[in-house]
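Asker:
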Amino acid sequence: MSRYTVLAADTEHLLTEKNSDFLTFLHPVNNREQAMQWVEQYRARYPDANHVCWAYIIGNTRQPQTQAFSDDGEPGGTAGKPMLHVLTERELGNCLAVVVRYFGGVKLGAGGLVRAYSNAVSQAAATAGLCEVSPSIALSISVSFAFEARLRQLLQQCKATLDEVSYSDKVTVSITLPQDAEQALCDQLINETAGAADIRQAGSHSGV
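Once you know that position 30 of the sequence shown is 30 in UniProt numbering, the rest is easy, because the numbers rise by one and skip nothing.
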């Protein structure tokens, strides 16, 4: 998985379209539970609003871990789906978008609603801060003592973080490194140790 961007901080925006107010709120979220907590907060904060529509996407927008949306009473496909589309196109991963609508008396029609909800989120996204996430992987590597110095050189070259070192009949290191550097490191270790290096995956995570 390559690097991707996520929402860095809360963002708010107001769009008025034919007397209807569209209050947009963007929040960084890491899972559905966090997203739904925010949605409930806005429903409680704006009990007289006509609609509280939302969309969220967790992880890389191109390969999301999970995503969902709600039209909250608007005609199907006119609110939540366009909102989610904007999050995807703007590459706002780990992001919840909530749009609170107050009806202004003038009906917008299906096309008008799609444009309004899309514009509401797009304009909020234009002012939002993003940060880049580099997927990482944790490895455990065991080599002979004679190869320790060379191993440390290779770890520096691939920008790995040395988390732990232990000594027994071999040297064993626990490291975290960018996921896209894993294959090159493993290939080099296998080549230089003639296959003697013991490489095991300990887990993976994403870090900013």
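Note that CB positions come from ideal geometry on N, CA and C, so glycine has one too. Just so it is clear, the structure is predicted and the values come from calculations on it, not from any experiment.
Figure out for me which residue from V106, H85, G93 has the closest Cα to the Cα of residue 220.
Answerer: What is shown of the chain runs 1 to 208, which leaves residue 220 out entirely.
Asker: Does the contact criterion of 3 or more C-beta pairs under 8 Å hold for the segment 151-167 versus the segment 184-198?
Answerer: Counting C-beta pairs closer than 8 Å gives three or more between the segment 151-167 and the segment 184-198, which meets the contact rule.
Asker: Suppose contacts are defined by Cβ-Cβ distances below 8 Å. Is G93 in contact with N60 by that definition?
Answerer: yes
Asker: On the three-state DSSP scale, how would you describe A202?
Answerer: strand
Asker: Count the other CB atoms, across all protein chains shown, that sit within 10 Å of the CB of residue 250; report buried if there are 16 or more and exposed otherwise.
Answerer: Residue 250 is absent from the model: the chain starts at 1 and stops at 208.
Asker: Could you check the C-alpha separation between N50 and D72 for me, to the nearest Å?
Answerer: 9 Å
Asker: Can you grab the Cα-Cα spacing for the pair A149 / A184, in whole Å?
Answerer: Near 18 Å, if we compare the C-alpha coordinates of A184 and A149.
Asker: At 4 residues or longer, what runs of the alpha helix (DSSP H) sit wholly inside the UniProt domain "Impact N-terminal" (18-124)?
Answerer: 32-45, 80-89
Asker: Looking at the strands, I want to know which residues DSSP matches up with S142.
Answerer: Paired residues: T172, D198.
Asker: E187 lies in the beta strand (DSSP E); which residues open and close that run?
Answerer: Strictly speaking, residue 187 in this sequence is Asp, with Glu absent from that position. Taken as a continuous stretch (DSSP letters only), D187 belongs to no beta strand (DSSP E), being part of the alpha helix (DSSP H) at 182-192.
Asker: For V208 and T176, what's the separation of their Cα atoms in angstroms?
Answerer: Confidence is the limiting factor: at V208 the pLDDT is only 45, short of 50, which leaves the residue's position unreliable and the question unanswerable from this model.
Asker: Looking only at its chain, what residues have a beta carbon closer than 7 Å to the beta carbon of F69, apart from the 5 residues adjacent to it on each side?
Answerer: W54, A55, G80, K81, M83, L84
Asker: Can you pull the DSSP bridge partners for C131?
Answerer: V6
Asker: Is the beta carbon of S166 closer than 8 Å to that of A138?
Answerer: no
Asker: Taking the alpha-carbon of K18 as reference, which of K170, A116, V6, A126 has the nearest alpha-carbon?
Answerer: When only C-alpha atoms are compared, the closest one is A116.
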